[in-house]
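So the sequences go chain by chain: A and B.
Reading the first sequence from the start, the letters are residues 57 to 323 in my numbering.
Reading the second sequence from the start, the letters are residues 57 to 323 in my numbering.
For each residue, glycine too, the CB sits at the ideal point set by N, CA and C.
Keep in mind that this is a model prediction, so the values were computed, not measured.
2 protein chains.
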Amino acid sequence: APHILVVGNEKGGTGKSTIAFHIAVALMDAGLPVATLDLDGRQGSLTRYIENRCGFEELRNAGLPIPLGHRSLAPSGDAMADARAVDHALAELTSAEGGGARVVVVDTPGSDSALSRRGHAWADTLITPLNDSLVDLDVLALVDVQSDRIVRPSHYAAMVWEAKQARAQADGGEIQWIVLRNRLSNLNAHNKREMARLLGQLGPRLGFTLIAGLSERVIFRELFLAGLTLLDLRRAGVGQSLTMSHITARNELRALLKAINLGRRVR
Amino acid sequence: APHILVVGNEKGGTGKSTIAFHIAVALMDAGLPVATLDLDGRQGSLTRYIENRCGFEELRNAGLPIPLGHRSLAPSGDAMADARAVDHALAELTSAEGGGARVVVVDTPGSDSALSRRGHAWADTLITPLNDSLVDLDVLALVDVQSDRIVRPSHYAAMVWEAKQARAQADGGEIQWIVLRNRLSNLNAHNKREMARLLGQLGPRLGFTLIAGLSERVIFRELFLAGLTLLDLRRAGVGQSLTMSHITARNELRALLKAINLGRRVR
Ligand SMILES: Nc1ncnc2c1ncn2[C@@H]1O[C@H](COP(=O)(O)OP(=O)(O)OP(=O)(O)O)[C@@H](O)[C@H]1O
Ligand SMILES: Nc1ncnc2c1ncn2[C@@H]1O[C@H](COP(=O)(O)OP(=O)(O)OP(=O)(O)O)[C@@H](O)[C@H]1O
Ligand SMILES: [Mg+2]
Ligand SMILES: [Mg+2]
């Protein structure tokens with residue numbers, strides 16, 4: 057069965073679209089047949105990344121890998137219709153006529169929606185990025201200021217739990233949940249320790265694996281207009297060499313890919 | 057008439073709630089009668105900030121200024137009812153019985169909603185923060201990769217234009233639109249210049265004033281659990297002294313306040 061990889065977090069601006077795009081490119085780079093699904097159709101950051109990539113490829117003929125298929129869905133106002141649209145898009149993208157993708161990378165909006173909930177319920181792997189910030193942590197769990205302890209899960213954790221239930225009931229399947237610290241800085245040692253500690257406690261309670269994640273690096277965003285990632289820089293048609301910072305960034309991306317267990321069938 | 061200050065950007069995680077809270081505290085610090093309205097009731101970051109502040113004040117009796125009133129609205133599913141709820145909340149917060157606020161700071165979600173659109177239509181001042189990122193710029197305007205020029209306005213710019221129309225038709229009033237670069241870093245000179253150039257061109261076209269904004273500083277987020285800002289640190293009950301970085305942060309906040317023209321009547 058194809059592997060559905062969802063990038064989700066109800067908190068805005070945690071890096072969902074950025075990570076969805078970078079994972080899709082990394083998987084294509086590794087030779088896998090990948091399709092992409094944008095469930096944040098109104099904002100469409102992932103769609104824009106892919107349109108920009110196609111535009112760049114048209115100009116430069118650099119041999120850039122492009123997803124086998126891409127769909128973008130925006131809310132229709134009808135929750136049932138939205139859920140059906142998600143099912144339909146996934147079926148299409150993984151069908152032989154639709155491109156035969158074995159992995160579908162799904163981007164979701166930073167808000168609650170029928171499209172997002174349905175997407176989450178299909179996940180084999182759910183990747184949740186967040187900033188190293190107590191404000192971001194708040195959608196996962198409430199923390200008590202006096203004791204610095206976790207009080208209870210918050211609304212996005214509840215949404216993921218419901219998705220896990222939906223998945224289990226649908227086909228007995230499991231969602232592998234990975235939480236990823238994103239936009240990490242070298243500074244603020246105290247804040248970093250605090251986040252690592254709280255997330256470390258939360259993982260076993262909510263059922264997710266914590267991975268170190270990506271640092272704040274302009275290379276993860278400055279190539280947006282060309283739809284490129286640092287992995288594309290050394291291609292013939294692009295022709296840039298990698299700096300030290302790029303190499304560290306590439307290692308961060310590789311560590312992320314390694315943590316995603318795509319399953320033997322896909323490999 | 058009371059001054060309605062809306063913090064808006066359909067793009068997620070640009071710093072809306074953080075800035076809404078810091079502006080509210082800064083205005084109360086300056087002695088103004090302030091109320092707060094959270095139109096992102098499901099996520100509730102601004103509400104959580106204020107609840108945490110009240111909790112801290114209960115514990116410590118530090119004499120922290122608290123908003124005269126606070127309301128939180130979440131989508132009801134009925135757009136007309138949502139719009140009426142916004143009107144009602146603003147009327148309540150500015151009424152004598154409701155606290156008599158002369159400034160209402162309104163936080164909005166990082167997504168399109170009836171609550172957010174109605175809030176935008178009431179704005180005297182609209183503050184739009186964004187990251188120094190072409191991905192964030194994309195909701196304001198499409199940029200062509202070959203020419204590095206602005207092609208056309210994007211969906212959030214269109215939403216603001218509609219809000220300006222709604223405001224003009226309602227009472228002939230004007231929305232002062234301020235765009236604020238947030239989470240700025242000292243590094244990445246090329247990217248910073250690029251963003252400054254593109255936003256500089258976009259300002260006159262879309263009708264906003266660009267201000268330099270806030271740097272990425274952990275002091276803007278590490279006090280979330282206590283509902284504090286750096287402006288509170290020197291109060292008797294809190295008793296911390298300011299570091300050099302705090303002083304620079306305070307100057308950034310002051311520059312932001314200065315740029316907001318609250319109008320003679322409020323002062
Ligand atoms: N590791 C990183 N290094 C540098 N910039 C980053 C990184 N991750 C994300 N960004 C930038 O941070 C901002 C938010 O990222 P992104 O748009 O991918 O988040 P999102 O969760 O998809 O947001 P939304 O909730 O609006 O969909 C963007 O400007 C993006 O370019
Ligand atoms: N100037 C800053 N310095 C450091 N951290 C910041 C700054 N501004 C915002 N942040 C952090 O960035 C993240 C996003 O900020 P915030 O939640 O205020 O954005 P938002 O636009 O309200 O997001 P949403 O779209 O989810 O409502 C939070 O983790 C916040 O603590
Ligand atoms: Mg996104
Ligand atoms: Mg917010």
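At the level of alpha carbons, what is the spacing between residue i and residue j?
i        : j        : result
SER172/A : VAL63/A  : 10 Å
GLY100/A : GLY87/B  : 42 Å
VAL159/B : THR150/B : 8 Å
PRO260/B : ALA179/B : 20 Å
VAL201/A : LEU190/A : 11 Å
LEU255/B : ALA137/B : 36 Å
ARG320/A : HIS59/A  : Any reading at ARG320/A must be qualified, since the residue scores a pLDDT of 48, below 50, and its modelled position is unreliable; no value is offered.
ASP227/A : ALA177/A : 11 Å
GLN221/B : PRO209/B : 16 Å
VAL121/B : LEU262/B : Note that residue 121/B is Pro in the sequence shown here, rather than Val. Taking the straight line from one Cα to the other gives about 36 Å.
GLY175/B : ALA315/A : 42 Å
ILE303/A : LEU313/A : 15 Å
LYS67/B  : THR299/B : 32 Å
GLU250/A : ALA147/A : 42 Å
LEU196/A : SER203/B : 42 Å
LEU266/A : ILE183/A : 10 Å
VAL216/B : LEU61/A  : 34 Å
ARG127/A : ILE231/A : 22 Å
LEU83/B  : PRO123/B : 10 Å
GLY293/B : ALA245/B : 41 Å
Does DSSP classify residue i as helix, strand or coil?
i        : result
PRO165/B : coil
ASP204/A : coil
LEU258/B : helix
ILE303/B : helix
ARG127/A : strand
ARG237/B : strand
VAL294/A : coil
SER271/A : strand
GLN221/A : helix
ASN187/B : strand
THR181/A : strand
ILE60/B  : strand
ARG193/A : The sequence shown places Leu at residue 193/A, not Arg. The answer is helix: DSSP assigns LEU193/A an H, G or I state.
LEU93/B  : strand
THR265/B : strand
ARG323/A : Because ARG323/A sits at a pLDDT of 44, beneath the cut-off of 50, its placement in the model cannot be relied upon, and the point is left open.
LEU318/B : coil
LEU198/A : strand
When you compare the CB of residue i with every CB in chain A, is at least one pair closer than 8 Å?
i        : result
ARG126/B : In the sequence under discussion, the amino acid at residue 126/B is His, which differs from the Arg named in the question. Answer no: the Cβ-Cβ gap between HIS126/B and chain A never drops below 8 Å.
THR74/B  : yes
SER167/B : yes
ASP194/B : yes
SER271/B : no
HIS144/B : no
ASN108/B : yes
GLU278/B : yes
ARG104/B : yes
ASN244/B : yes
VAL201/B : yes
ALA224/B : no
Does residue i have its Cβ less than 8 Å from a Cβ in chain B?
i        : result
LEU309/A : no
PHE112/A : yes
ARG98/A  : yes
GLY69/A  : yes
GLU66/A  : yes
ASN317/A : no
ARG174/A : no
On the premise that residue j lies in contact with residue i, defined as a C-beta separation below 8 Å, what is that separation, rounded to the nearest angstrom?
i        : j        : result
ASP85/B  : ASP163/B : 18 Å between Cβ atoms; not a contact.
ALA305/B : PHE276/B : 7 Å
ALA80/A  : THR92/A  : 5 Å
PRO89/A  : GLY166/A : With 8 Å as the limit, PRO89/A and GLY166/A do not qualify as a contact, their Cβ atoms being about 29 Å apart.
ARG237/A : LEU193/A : Not really, about 10 Å apart at Cβ, beyond 8 Å.
ARG98/A  : ASP143/B : Rounded, the Cβ-Cβ distance is 25 Å, inconsistent with contact.
VAL274/A : ASN247/B : 5 Å
LEU284/B : PHE112/B : 7 Å
LEU258/B : GLU308/B : Between GLU308/B and LEU258/B the Cβ distance is about 22 Å, and since that is not below 8 Å, they are no contact.
ALA130/A : ALA170/A : Contact flag wrong, Cβ pair sits at about 11 Å.
Just checking residue i against ligand 5 - is the residue's beta carbon closer than 7 Å to any of the ligand's heavy atoms?
i        : result
GLY269/A : Here the bound small molecules are ligand 1, ligand 2, ligand 3 and ligand 4; ligand 5 is not part of this structure.
Any chance you could list the residues with Cβ under 5 Å from a heavy atom of ligand 3, keeping chain order? LYS72/A, SER73/A and SER101/A
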